[in-house]
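In mature numbering (1 follows the signal peptide of the UniProt record, and there is no 0), the protein residues as written are -21 to -1, 1 to 143.
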């Protein structure tokens, strides 16, 4: 690579970071089976915003989710923070039936494609199954704890009871 290009590389990478920061938000924050069918993904503080340069998609695992219906794309100007003109891009989809329980995690992926360069950021949209384990394990843990306490009480009672 030409030495002058090597010197400019940090400058271009800095520009890319300012034009495509890792700022993604999703709505809803977590999916609930049979309730949340509409999903939105928003990339903040980005430029350029053309669909050829910036694409938003939904991934299930490492593949694009099939059967989603695109509901539209909104582009809004972000509040100014200096001279740069930055945008907020939101894509909305209607999900296909995902079954019960909801898959563990969908991901929103934002991909910026510029000549000779492609960069992606991901934001998870967890399903209710990630909360399912917490909700179903704590009663089981409570029951096990009570059984252990009863066992200890019985052992101590047998050891310490007065002879007679």
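Glycine residues also receive a C-beta, built at the ideal position from the N, C-alpha and C atoms.
These figures come from a predicted structure and were not determined experimentally.
Boundaries (first-last residue) of the beta strand (DSSP E) holding residue i
i	result
residue 48	48 to 56
residue 70	66 to 73
residue 29	Run containing residue 29: none; DSSP gives neither H nor E here.
residue 39	33 to 39
residue 93	84 to 93
Residue i, buried or exposed, once every other Cβ within 10 Å from all chains shown has been counted against 16
i	result
residue 136	exposed
residue 33	buried
residue 110	With a pLDDT of only 47 at residue 110, under 50, the local geometry of the prediction cannot be trusted, and no value is derived from it.
residue -14	Any answer about residue -14 is weak, because its pLDDT of 43 lies below 50 and its placement is not dependable; what the coordinates show is given next. It counts as exposed.
residue 129	exposed
residue 132	exposed
residue 123	exposed
residue 37	buried
Beta-bridge pairing of residue i - partner residues as DSSP gives them
i	result
residue 23	None, per the DSSP bridge assignment.
residue 59	Residue 59 pairs with nothing; no bridge assigned.
residue 106	10
residue 42	39
residue 98	91
8 Å contact criterion, which residue i and residue j should meet: CB distance rounded
i	j	result
residue 8	residue 19	11 Å between Cβ atoms; not a contact.
residue 66	residue 28	5 Å
residue 64	residue 26	6 Å
residue 24	residue 57	6 Å
Residues of its chain near residue i, where Cβ-Cβ distance is below 6 Å and the 5 sequence neighbours each way are ignored
i	result
residue 105	9, 84
residue 102	3, 5, 87
residue 52	70
Sequence-distant residues of the same chain with beta carbon closer than 7 Å to residue i, five excluded per side
i	result
residue 55	66, 67
Beta-carbon proximity list for residue i, same chain, < 8 Å, skipping 5 on both sides
i	result
residue 17	50, 71, 72, 73, 74
Short CB-CB distance (under 8 Å) between residue i and chain B
i	result
residue 129	Within the model displayed, chain B is absent; a lone protein chain is all it includes.
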